[in-house]
Every structure is written in structure tokens, then in C-alpha cells.
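As C-alpha cells, the structure follows; a few thoughts come after it.
In my numbering, the protein residues as written are 29 to 232.
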């Protein structure tokens, strides 16, 4: 596709992705509560969800997405349940200084990726962007296979930049909390934010 269209799409996606929403809230809360480990796999899942919705929009499958509403409903609630599980783990995490904190049991990358994917598939903000807003500034009927590939690369690049920025800022902020009381407040605040993200996904 032409460069102007690709830049327009990338700019619009950057603004949409960088604005606070359930996805950003979940990523930031996860890093604040559990550290940056695992955040990459979770963020990849979130980004892949965007590619799924982009594919639906490009292929004109919005109606098909509606037809499989029940399937997406299940995925949405599974994602919300996973976010609630993470919220619980963060809320109940031991309040010990970061420099002596015991290593938390590693989560399987596949679970993290699925959690991020399910979050995006059930995120109303992402649905609106791809199924409602995208057709207003791109002629989706004229997208070639090469153009589709370019949009996918642009999507992953933009989201990678946005998510990496949020992860870095959250990781830096997390290092400021050193006392047990501060860490307890951090854990409970981020646990609440994560639970709020789950509620936002499940409620729509």
C-alpha cells in the first residue's frame, strides 16, 4: 500500500495504543506487581490480538466475528478470569524489599501469551478501532496481500514501541519501592488495577 496510507494507519494506531485502556493497564500493573519478567510474552499476546482484529477488518469478516459471538464471549471471560488470577497473586504477594525478594515461580510463556491474546480479543477499545474506525481512513477493499503484510508489520512495530515504553517506565517506577509498607501498597494498588482491567473486559 502507499506510504501515506501506512503512515496514517501507524499514527492512528499509535495514538489508540498509547492511550490508557485495559491492555495498557494490565501490562503496567503486571510489571509493577511482578516485575518485567513475563511482560514480553504477555505483550506479544496482546499484540497478536490486534493482528486478529486487523485480519477480520481487512478480510471483511466483521459479520463473521458477530456470528461467532459465543466463541469470543468465552475467550473474553477466560481472559478476564486470567487477569483476576494475576490480580489475586499480586495482591497477596509478600511485601519484602525488591533487593531481597524471593524469585517468584515462573509462569509458562504460553499462558502469558494466551492471557494477553484473550485480553485483546475481548477489549472493546480494540474492536472499535479495527472494525469501526479503521474503514473510515483506509479503503479496506483495496488492500493487497502485500499491503496486509505491511499493515501487520506496522501494527507489531507500533505496539512493540508503545508496550516497551510502558514496560520500561513501570519497571523503573517499581524500583522506587523499597520498604515493605510501600511494596504492600504497590501490590494492592496494582492488583486492584489489574482486577479493574478484568472487569472492563468482562463488562462489555
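Virtual Cβ for every residue (Gly too), placed ideally from N, Cα, C.
Does the distance from the CB of residue i to the CB of residue j come in under 8 Å?
i: residue 165; j: residue 82; result: no
i: residue 161; j: residue 86; result: no
i: residue 72; j: residue 144; result: yes
i: residue 52; j: residue 194; result: yes
i: residue 59; j: residue 203; result: no
Can you list, in chain order, the residues of its chain with a C-beta nearer than 7 Å to that of residue i? Leave out the 5 residues immediately preceding and following it.
i: residue 78; result: 148, 154, 183, 187
i: residue 38; result: 182, 186
i: residue 30; result: none
i: residue 140; result: 66, 69, 70, 73
i: residue 135; result: 66
i: residue 40; result: 165
i: residue 142; result: 73
i: residue 157; result: 44
i: residue 47; result: none
Which whole-angstrom value is the C-beta distance of residue i and residue j, which I expect to be below 8 Å?
i: residue 45; j: residue 190; result: 5 Å
i: residue 151; j: residue 33; result: About 25 Å separates the two Cβ atoms, so there is no contact after all.
Given residue i, which residues of its chain have a CB within under 8 Å of its CB, disregarding the five upstream and five downstream residues?
i: residue 163; result: 85
i: residue 171; result: 29, 86, 179
Take residue i and list the residues in its own chain whose beta-carbon comes closer than 6 Å to its own, dropping the five residues that flank it on each side.
i: residue 116; result: none
i: residue 75; result: 184, 187
i: residue 137; result: 69
i: residue 173; result: none
i: residue 88; result: none
i: residue 177; result: none
i: residue 113; result: none
What do you reckon, is the C-beta of residue i under 7 Å from a heavy atom of the ligand SAH?
i: residue 81; result: For the ligand SAH, the structure offers nothing, since it holds no ligand at all.
For the 8 Å Cβ check, are there 3 or more pairs between the region 195-204 and the region 60-73? yes
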